[in-house]
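Numbering (my numbering), first residue to last: 92 to 292.
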């Protein structure tokens, strides 16, 4: 029988594309030097020490896991960032400049927003739930090294937020976001937001 599990989600460190404001999506961008420095010597809080570690296979997430001292995470494509299709590599400003009214109309669709050639947040939520259901079958608590979009999608599920307007919780992307997942109902709940990483020894 599946059991309720704890899910601690950590966003990858900063990349050069983050610094430039470029949309990354599935594009495989490594951490920047600033991103690596910020993670060096950091560790997950001790309360998560026994959790099994999973990671998006994108290099920025794998690098983050290594810098946090998390050896050999299980790589799972369901933890990848949302596919932003034709918009990857562009800035939000350049996308809006090309079609401001079309972008605004698309974004107003909330979980059904879809970049050209990409996927919707609703589809991202479905794969996050599918991943959580599969790990719940192993009856283990888990850490997921993942992406901003994946964590926002999970917060939407946990808080009943349609991903438009102001977020119900202001998330610090350098922190751990702690959720609980019930595989009987496929529901997430937010346990605690913005748990700071600790200094390693």
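By construction, the Cβ of each residue, glycine as well, lies at the ideal position given by its N, Cα and C atoms.
Since the model is a prediction, treat every value here as computed from it, not as a measurement.
Same chain, Cβ closer than 7 Å to residue i, five either side skipped, listed in chain order
i: residue 227; result: 93, 94, 96, 272, 274
i: residue 245; result: 100, 219, 270, 279
i: residue 113; result: 180, 181, 182
i: residue 170; result: 145, 146, 147, 222, 235, 237, 241
i: residue 156; result: 144, 146, 164, 236
i: residue 210; result: 173, 174
i: residue 186; result: 178, 194
i: residue 208; result: 176, 177
i: residue 287; result: 266
Sheet register partners of residue i (DSSP bridge)
i: residue 96; result: 272
i: residue 286; result: 267
i: residue 192; result: DSSP, once it has assigned bridges, lists no residue as partnering residue 192.
i: residue 280; result: 271
i: residue 146; result: 166, 236
i: residue 133; result: 290
i: residue 182; result: 113
i: residue 141; result: Beta-bridge pairing links residue 141 to no other residue.
Residues near residue i in its chain [Cβ-Cβ closer than 6 Å; skip 5 each side]
i: residue 291; result: 132, 134
i: residue 107; result: 123
i: residue 285; result: 263, 266
i: residue 206; result: 175, 176, 178
i: residue 154; result: 122
i: residue 161; result: 144
Reference residue i, options the options, closest by Cα
i: residue 147; options: 257, 242, 246, 204; result: 242
i: residue 289; options: 111, 158, 149; result: 158
i: residue 141; options: 164, 149, 171, 257; result: 164
i: residue 204; options: 240, 236, 171, 221; result: 240
i: residue 152; options: 139, 125, 235; result: 235
i: residue 200; options: 256, 110, 121, 287; result: 256
i: residue 71; options: 139, 127, 189; result: Residue 71 cannot be examined here, being either before or after the span of the chain that is shown, 92 to 292.
i: residue 150; options: 192, 189, 102, 258; result: 102
Same chain, Cβ closer than 8 Å to residue i, neighbours up to 5 away in sequence not counted
i: residue 247; result: 202, 212, 216, 253, 254
i: residue 282; result: 97, 269, 270, 271
i: residue 260; result: 246, 250, 281, 284
i: residue 110; result: 123, 125
i: residue 127; result: 104, 154, 158
i: residue 184; result: 112
Nearest-angstrom Cβ-Cβ length linking residue i and residue j, presumed shorter than 8 Å
i: residue 104; j: residue 137; result: Their Cβ separation, rounded to whole angstroms, is 21 Å, which puts residue 104 and residue 137 out of contact at 8 Å.
i: residue 224; j: residue 167; result: That pair is no contact at about 12 Å.
i: residue 143; j: residue 231; result: 5 Å
beta-carbon residue i near the ligand GTP non-hydrogen atom, thresh 7 Å
i: residue 122; result: As presented, the structure is devoid of all ligands, the ligand GTP included, so that no description of it is given.
Checklist line | Validate contact between the region 103-122 and the region 165-178 using beta carbons, cut 8 Å, 3 pairs | finding: yes
Check: Below 8 Å, can you find three or more Cβ-Cβ pairs linking the region 191-200 to the region 244-252?
Finding: Fewer than three Cβ pairs drawn from the region 191-200 and the region 244-252 lie within less than 8 Å of each other, which leaves the two stretches out of contact.
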